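What follows is a single structure, written as structure tokens, with notes after it.
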Amino acid sequence: MSEPESSKLQKSLGPLMIWGLGVGYVISGEYFGWNLGLAEGGPYGMLVATALVSLMYLAFVLSYAELACAMPKAGGAFVYVDRAFGPRLGFLAGVAQLVEFCFAPPAIAFAIGAYFQNYAPGVRSEVFAVGAFVLFIAINIRGVTLSAIFELCVTVLAVFELLLFAGVTLPEFSWEAFSRDPLPNGWAGVLPALPFAIWFYLAIEGVANIAEEARDPKRDIPRSFIAAMVTLLGLALLTFFASVGVGGWREVVYDAAGKASDAPLPMALGQVVGEGHLLYHLLVTVGLFGLVASFHGIILVAGRALLEFGRVGYLPAAIGRTSPKFHTPVGGLLLCGAIGLLALATGKTGEIITLAAFGALTLYILSMLALLRLRKHEPELERPYRVRAYPVVPMVALLLATLCWIAMAISQPLLAAIFVGIVGASWALFEGLGLARGAS
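Be aware that the sequence shown starts at 4, since it is given in the numbering used here, and climbs by one per residue.
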């Protein structure tokens, strides 16, 4: 059944824009957040966590692209799991997806505020964070083509800046500095480091949510999706070694006052060229583009995930409609902003990152189960792209995502309980309102 005109999205995205969105969703993870994992695992523990997570994401992207091409819908994982297992598990996948996409932007907004404070130390970072929400929700409302062009431009600048950063710092790399206090909490530190390693790649799956707006989703989504993942894998490893190998991990985690910092790259570069150097100021300035790319991109995809929930009646009908003028999910974007502003009020960057990671891992687990079930029960489903080495690749993604979820729950039981509470409360409301019967 075709979508009504009031909920349709425009097909205007080509392969380069899709790549730009895929890299842009994630690239802020190279600029901040991951460094907080060093306080848990040290360089060795964080390296092990990053290796496990990188393998998981590579296997996941190769597998998830099959679902995105077979069912190019704005709901992403919600649509795939709903088709494979029905509305109840589909709803759970959708809630997990919304936790990820709605909690990631406020974490990035904190970092945007921290970067701006380099220029306006007298202004509270929360002011910049709120301003970012207002500005980029407005840009997203204006239209997907404008949003995608803007995203591509800032993403290219952000990639260039990471390469420049690595080019300046890697000549100063020292294995002695990198290995200083390598396991502050022993190998047990690998577990609490996992959500920060996930932050390197969190939200790459958002590419699937814009498949409905691709001009040729069957051809462009898998190519752009996989190209974005390979780009991010290289950037993550470059950034990790280039940052830690200059002066040791503590120098990119704690600022002069001993507080955990949201600006590890300027801290690393400052040890090489000094804080007054032109390159330092260039990094601080262009580094904002990396944060902006992810902030803007995840808001874009969160609006579309919320749109799909509105389309099927799990949220008010206004959320499931697009603007007749701009063809964008205005209601979903505004709701995303409201949730983000509430999360900002907590002031807890690390905790918000971890909650987003719980949502992401739940999405990955349910999506891989959906892929396996659909291959078995719907072999006739048109699949323009098929993951190679099936079922090994999706099974690797499923196994690693499950192990990461369990490990995070062991190391962060309170945050695991909060995530389960959010999902449980949503489930109770879902059942109480009889939404499953309405969707079936």
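C-beta atoms are modelled at their ideal positions from N, C-alpha and C, and glycine is treated no differently. Please read these numbers as outputs of a predicted model, since none were measured by experiment.
Looking only at its own chain, which residues have a Cβ that is under 6 Å from the Cβ of A214, when we skip the five neighbours before and after it? These residues qualify, in order along the chain: A71, P75, P220, I224.
Examine the Cβ distances between the segment 288 to 305 and the segment 26 to 35 and report whether three or more of them are shorter than 8 Å. Between the segment 288 to 305 and the segment 26 to 35 there are three or more inter-stretch CB-CB distances shorter than 8 Å, so the stretches are counted as touching.
Cutting at 6 Å between CB atoms, please list the residues of its own chain near A419, excluding the five before and the five after it. A412
Taking all protein chains shown into account, do 16 or more other C-beta atoms lie within 10 angstroms of the C-beta of M20, making it buried, or fewer, making it exposed? buried
Expressed to the nearest angstrom, what Euclidean distance is found between the alpha-carbon atoms of V287 and Y118? 7 Å
For Y122, which beta-bridge partners are listed by DSSP? Beta-bridge pairing links Y122 to no other residue.
How about the segment 128 to 142 and the segment 336 to 354: do they share at least three Cβ pairs that are nearer than 8 Å? yes
May I ask you to report which of helix, strand or coil DSSP gives A348? coil
For A135, three-class secondary structure by DSSP: helix
Could you give the DSSP three-state label for L436: helix, strand or coil? It is coil, neither helix nor strand.
Could you check which residue in A217, V102, P387 has the C-alpha nearest to that of L358? V102
What is the rounded straight-line gap between the Cα of G170 and the Cα of L236? Linking G170 to L236 through their CA atoms gives a straight-line distance of about 17 Å.
Which same chain residues end up closer than 8 Å to C339 when comparing Cβ atoms and leaving out the 5 residues on each side of it in sequence? For C339, where only same-chain residues beyond five positions count, the Cβ hits under 8 Å are F104, C105, P108, I140, I302, A305, G306, L309.
Residues near S443 in its chain [Cβ-Cβ closer than 8 Å; skip 5 each side]: Because S443 carries a pLDDT of 47, less than 50, the predicted location of this residue cannot be relied on, and the following value inherits that uncertainty. Excluding positions up to five away in sequence, the list reads G89, P90.
Can you tell me where the alpha helix (DSSP H) holding W22 begins and where it ends? 18 to 29
With contact counted as at least three CB pairs below 8 Å, one residue from each stretch, are the segment 43 to 59 and the segment 189 to 205 in contact? yes
Is the segment 172 to 183 touching the segment 246 to 258 in the sense that three or more CB pairs, one from each, lie closer than 8 Å? They touch, by the three-pair rule.
Can A231 and G25 be called in contact, C-beta distance under 7 Å? yes
C-beta atoms of A360 and I201 nearer than 7 Å: yes
Which same chain residues, not among the five before or five after R378, have their C-beta less than 8 Å away from its C-beta? Closer than 8 Å at the Cβ level, and outside the excluded window around R378, lie Y393, P394.
Can you tell which of P332, V399, T405 has its C-alpha closest to the C-alpha of G78? P332
Quick one, are the C-beta atoms of V396 and A99 less than 7 Å apart? no
Pairwise C-alpha distance: Y283 and L272: The straight-line gap from Cα to Cα measures roughly 6 Å.
Which same chain residues end up closer than 7 Å to Q274 when comparing Cβ atoms and leaving out the 5 residues on each side of it in sequence? Contacts found: V249, G250, E254.
Go to F35, then tell me how far its alpha helix (DSSP H) extends in each direction, as first and last residue. Careful: F35 lies outside any alpha helix (DSSP H) and carries neither H nor E.
Contact with chain C by A62, beta-carbon distance below 7 Å: Looking for chain C here will not work: only one protein chain is present.
Based on DSSP bridge pairs, tell me the residues matched to Y317. Note: Y317 sits in no beta bridge, so no partner.
A206 (DSSP reduced to helix, strand or coil): coil
So what does DSSP say about A266, is it helix, strand or coil? Residue state, collapsed to three classes: coil.
Tell me which same chain residues have a C-beta within less than 6 Å of the C-beta of G313, skipping the five on either side of it? I322, G323
Rounded to a whole number of angstroms, what is the C-alpha to C-alpha distance between L55 and L403? 7 Å
Sorry if obvious, but does the Cβ on R314 come closer than 6 Å to a heavy atom of the ligand GDP? The ligand content of the structure shown is nil, which means the ligand GDP is not present either.
With a cut-off of 8 Å on the beta carbons, I'd call W252 and G36 a contact; round off their distance for me. So it is not a contact: roughly 15 Å between Cβ atoms.
Backbone CA spacing between R222 and S370 [nearest angstrom]: 21 Å
Excluding the five sequence neighbours on either side, which residues of its own chain have a C-beta within less than 7 Å of the C-beta of M4, listed in chain order? Confidence is the limiting factor: at M4 the pLDDT is only 43, short of 50, which leaves the residue's position unreliable, though a coordinate-based value still follows. Result list for M4: empty, nothing under 7 Å.
Would A296 and V157 qualify as a contact pair, given that the criterion is a beta-carbon distance under 7 Å? yes
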